[in-house]
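Colleague: Got a structure here, written out as C-alpha cells. Questions coming.
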Amino acid sequence: MKREWLRIKPSLFPLLMISILLPIVIYIVIGFPFYSVIKTFNGMKYMYWISPGIWIFVSALIGFFLTLDGINNLLIGKRQIEPLCSMPITNRQILIGILTWSILMSVIQWIISILLTSLLNNEFFKFNLIIRLFIQSFPAIIFYTGLGALLAIITSNKYWQITFSMVCFILLGFGFGCFIPLQFFPDELISFLELIPVTSLISGAHDITFQNSGSFTGGLFSFISGVLFILVSFGLSNKRFRI
Numbered sequence: 002m003k004r005e006w007l008r009i010k011p012s013l014f015p016l017l018m019i020s021i022l023l024p025i026v027i028y029i030v031i032g033f034p035f036y037s038v039i040k041t042f043n044g045m046k047y048m049y050w051i052s053p054g055i056w057i058f059v060s061a062l063i064g065f066f067l068t069l070d071g072i073n074n075l076l077i078g079k080r081q082i083e084p085l086c087s088m089p090i091t092n093r094q095i096l097i098g099i100l101t102w103s104i105l106m107s108v109i110q111w112i113i114s115i116l117l118t119s120l121l122n123n124e125f126f127k128f129n130l131i132i133r134l135f136i137q138s139f140p141a142i143i144f145y146t147g148l149g150a151l152l153a154i155i156t157s158n159k160y161w162q163i164t165f166s167m168v169c170f171i172l173l174g175f176g177f178g179c180f181i182p183l184q185f186f187p188d189e190l191i192s193f194l195e196l197i198p199v200t201s202l203i204s205g206a207h208d209i210t211f212q213n214s215g216s217f218t219g220g221l222f223s224f225i226s227g228v229l230f231i232l233v234s235f236g237l238s239n240k241r242f243r244i
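Take a look at the structure:
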C-alpha cells in the first residue's frame with residue numbers, strides 16, 4: 002500500500018477532482034436527459050432513483066481502473082517490477098497491496114458520491130439506511146476490483162483492455178440497471194438480466210431506497226465472483242511476475 006500511495010501521491014489532486022466531478026457529470030449528463038423521459042419510477046422521482054446507480058457505477062469504475070493501472074504499472078514497466086522481484090515479498094503481497102488500496106479508494110469514492118447526490122437532490126438518507134446501502138453496494142466494489150486485476154494479469158495489450166473496459170462499463174451503466182430501470186427492457190431480456198448477480202445487487206440497492214429489503218443473493222454471488230477473480234489473479238501472477 003505504501004508503494005501505491007507514493008505512486009499516486011503526485012496525482013492526488015487530479016484523482017480528487019475526478020472523484021468529485023464524475024458523479025456530478027453523470028448526474029447532469031445522464032440523469033437530466035433520462036429525467037425528461039422518465040419523470041418518476043414507482044412513485045419516486047427519477048433523479049432520486051438514479052442515485053444508487055451512480056454510487057455503484059463510479060465506485061466500481063474507480064476500483065477497476067486503479068487496480069488495472071497499478072498492475073499495468075508493474076508489468077509493463079520492467080524497472081518497477083525488478084526491484085520488487087529481488088525483495089523478500091511474494092507476488093500475492095504485491096497484489097494485495099494494490100487491491101487493498103483500490104478497494105479503499107473505491108469506498109471513499111462511494112462516500113463522496115452519496116454526499117454529492119444527496120446535496121444535488123437536497124435529500125439526505127438516515128444513517129442506518131446509508132449502512133444498508135453500503136453493505137448492498139460493497140460487493141460490486143470487490144467484483145470490479147477483482148475483474149480489473151484479472152484483466153491486467155491476463156493481457157497487457159492496451160487495446161484489449163480498453164475494449165473490454167468500455168463494454169464492461171457500458172453494460173454496468175445501461176444494461177444492468179444503474180441508469181435505466183430494468184422494467185424498460187423487453188421481458189425476454191429482463192429474464193436474462195435478472196440472472197446476473199450484479200444486476201440483482203443493483204436492483205437491491207434501488208429497492209432499499211424504497212424502504213424495501215435489498216438483494217442478499219445478488220450481493221453474495223457478486224462478492225464470491227469478485228473473490229474468485231482475485232484468487233485466479235493470484236494464481237496467474239506466479240507466471241506473469243516471475244517471482
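For what it's worth, this note's numbering labels the leading residue of the sequence shown as 2, then goes sequentially. Every residue, glycine too, gets a C-beta built ideally from N, C-alpha and C.
Looking at C-alpha atoms only, which residue of G220, L100, I181 and F224 is the closest neighbour of P34?
Modeller: Nearest C-alpha to P34: I181.
Colleague: Between the stretch 180-198 and the stretch 106-117, do at least 3 Cβ pairs fall closer than 8 Å?
Modeller: Taking 8 Å as the limit for Cβ pairs, the verdict is that the stretch 106-117 does not touch the stretch 180-198.
Colleague: For G71 and L121, I'd like the C-alpha separation in whole angstroms.
Modeller: Answer to the nearest angstrom: the Cα atoms are 32 Å apart.
Colleague: Use the C-beta contact count for G236: other C-beta atoms within 10 angstroms, 16 or more gives buried, fewer gives exposed.
Modeller: When all chains shown are included, G236 counts as exposed.
Colleague: If you count every other CB in all the chains shown that lies within 10 Å of the CB of N239, and 16 or more means buried, which is it?
Modeller: Classification of N239: exposed, given that the 10 Å Cβ count is below 16.
Colleague: Work out the CA separation of G176 and S166 for me, nearest whole Å.
Modeller: So the two alpha carbons sit approximately 14 Å from each other.
Colleague: Within 10 Å of its beta-carbon, does Q94 have 16 or more other beta-carbons around it, so buried, or fewer, so exposed?
Modeller: Result: exposed.
Colleague: Just grab the DSSP bridge partners of T91 for me.
Modeller: T91 is not bridged to any residue.
Colleague: Hey, how far is the Cα of G98 from the Cα of Y145?
Modeller: Answer to the nearest angstrom: the Cα atoms are 16 Å apart.
Colleague: Distance check for T200 and S192, CA to CA, integer angstroms please.
Modeller: Whole-angstrom Cα-Cα distance: 11 Å.
Colleague: Would G227 pass as a contact of G149 if the rule is Cβ separation under 7 Å?
Modeller: Against a cut-off of 7 Å, the Cβ pair of G149 and G227 comes out as no contact.
Colleague: At which residues does the alpha helix (DSSP H) containing G54 begin and terminate?
Modeller: First-last of the alpha helix (DSSP H) with G54: S52 to I77.
Colleague: Considering just the uninterrupted stretch of the alpha helix (DSSP H) at K159, what are its terminal residues?
Modeller: Where K159 is concerned, the enclosing alpha helix (DSSP H) stretches over K159 to I171.
Colleague: Since K46 sits in a beta bridge, which residues does DSSP pair it with?
Modeller: The partner list for K46 (beta bridge, DSSP) reads T41.
Colleague: Would you check if the distance between the CB atom of P198 and the CB atom of G215 is smaller than 7 Å?
Modeller: No, they are not a contact pair.
Colleague: Return helix, strand or coil for G220, following the three-state DSSP convention.
Modeller: Helix, per DSSP.
Colleague: Within a Cβ cutoff of 8 Å, which residues of the same chain sit near M45, ignoring the five residues on either side of it in sequence?
Modeller: Contacts found: T210 and F211.
Colleague: Please go through the same chain and pick out, in chain order, the residues whose beta-carbon is closer than 7 Å to the beta-carbon of F42, but skip the five residues on each side of it.
Modeller: Answer for F42: W50 and P182, listed in chain order.
Colleague: Suppose you measure from the CA of L69 to the CA of E124; what does that come to, to the nearest Å?
Modeller: The alpha-carbon atoms of L69 and E124 are separated by roughly 34 Å.
Colleague: Is it the case that the stretch 20-34 contacts the stretch 153-169, given that we only count it when at least three CB pairs across the two stretches are under 8 Å?
Modeller: Flag = no, the stretch 153-169 and the stretch 20-34 do not touch.
Colleague: Helix, strand or coil: which one does DSSP assign to S226?
Modeller: Helix at S226.
Colleague: Could you give the uninterrupted runs of the beta strand (DSSP E) lying entirely in the stretch 110-194, keeping only those of 3 residues or more?
Modeller: Fully enclosed beta strand (DSSP E) runs of 3 or longer: not present.
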